[in-house]
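This note's numbering applies: residue 211 is where the sequence shown begins, and numbers increase by one. Where is the CB? At the ideal position from N, CA and C, for every residue including glycine. Since we're looking at a predicted model, the values are computed, not measured. Notes follow the structure.
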Amino acid sequence: MLTSLLKMTKKGCVSIENLKRGTRLSPSILASLLGELKNKALVCVSDDMVCVDPSARVQIALRALLLGADFEVIAALLQWQEFENIAGATLEVHGYSVQRNFRFKEGGKRWEIDIVACREPIVVCLDCKQWKRTLSPSSSKRIVEAQTQRTKALASILPSASLRLECQKWRKANFVPAVLSLIPGGLKFCNKVPIVPILQLQDFVRQLPAQILMLQHTQRNFDHLGHEFQN
């Protein structure tokens, strides 16, 4: 039922009638299951329509995986933007100013970081990976190395009048590369870079200020900047 719900709400709300046909469940069983999901704030049922917001879709996906659903099928039903938006919203709740799909140039190369989140003195540079399968240690290492390069490239070009980042108003900033995944993998850290399952993102954000010295990070001092950056 959860897989069908994800599939049928991928582009918006679905009628209870269509959901009943898609799941092939009896009206009573479907009503019972929807009631359980509604009590957990995972669905909204109104006027015979079922709606699921992006954060709830990820929680439903994880619940389906725990019940034995095929990982590749579930991952394909989640849109990449949903995954990224949930991460950004989580960081904003914790007081970070967030920029998504942040693009810049450095060393004659174009770079992009999925999420750059600033809360003095921390700049989280997050790579959102909607992996289709559990990655091998070598693949994880490659992904972490690429994100580390992006983070160092960003730190190296600041200050920049063309880039509007909150951190340029600070005295110093610690740039922290991190990788966000849909499900837990074999590694929690790779070269001191955290690989964070999305359900653990809130805990990671809360603990980050106390743990930053144990993580790979790049520090930049902005004391010398002029008023065009500090104001």
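Counting along the chain, where does the alpha helix (DSSP H) carrying residue i start and finish?
{"i": "Asn-431", "result": "Note, Asn-431: premise wrong, no alpha helix (DSSP H); beta strand (DSSP E) at 428-431."}
{"i": "Leu-240", "result": "237-249"}
{"i": "Ala-303", "result": "The sequence given here has Val at residue 303, not Ala. 290-303 is the span of the alpha helix (DSSP H), which, as asked, contains Val-303."}
{"i": "Lys-230", "result": "226-233"}
{"i": "Leu-411", "result": "411-421"}
{"i": "Leu-216", "result": "212-218"}
Would you kindly work out how many angstroms separate the C-alpha atoms of residue i and residue j, rounded to a whole number?
{"i": "Cys-261", "j": "Lys-220", "result": "10 Å"}
{"i": "Pro-369", "j": "Ile-270", "result": "42 Å"}
{"i": "Arg-374", "j": "Phe-399", "result": "30 Å"}
{"i": "Leu-275", "j": "Ala-383", "result": "38 Å"}
{"i": "Ile-284", "j": "Pro-387", "result": "27 Å"}
{"i": "Val-389", "j": "Leu-411", "result": "10 Å"}
{"i": "Lys-339", "j": "Cys-328", "result": "20 Å"}
{"i": "Asn-228", "j": "Glu-376", "result": "47 Å"}
Around the Cβ of residue i, are there at least 16 other Cβ atoms within 10 angstroms (buried) or fewer (exposed)?
{"i": "His-437", "result": "Annotation note: pLDDT 46 at His-437 (below 50); position unreliable, no value reported."}
{"i": "Val-354", "result": "buried"}
{"i": "Pro-404", "result": "buried"}
{"i": "Asp-258", "result": "exposed"}
{"i": "Asn-295", "result": "buried"}
{"i": "Lys-402", "result": "exposed"}
{"i": "Arg-381", "result": "exposed"}
Tell me the residue span of the beta strand (DSSP E) that contains residue i.
{"i": "Asn-384", "result": "382-391"}
{"i": "Ile-323", "result": "319-329"}
{"i": "Glu-316", "result": "307-316"}
{"i": "Pro-369", "result": "Careful: Pro-369 lies outside any beta strand (DSSP E) and carries neither H nor E."}
{"i": "Val-406", "result": "403-407"}
{"i": "Leu-336", "result": "332-339"}
Contained alpha helix (DSSP H) runs [length at least 4] in the stretch 255-283, N- to C-terminal order: Counting only runs of 4+ residues, the alpha helix (DSSP H) found wholly inside the stretch 255-283 occupies 264-276, in chain order.
Meets three-Cβ-pair contact criterion under 8 Å: the stretch 344-354 and the stretch 288-302: Under the three-pair Cβ rule at 8 Å, the stretch 344-354 does not count as touching the stretch 288-302.
At least three beta-carbon pairs within less than 8 Å, the stretch 356-363 to the stretch 314-322: Short answer: they touch.
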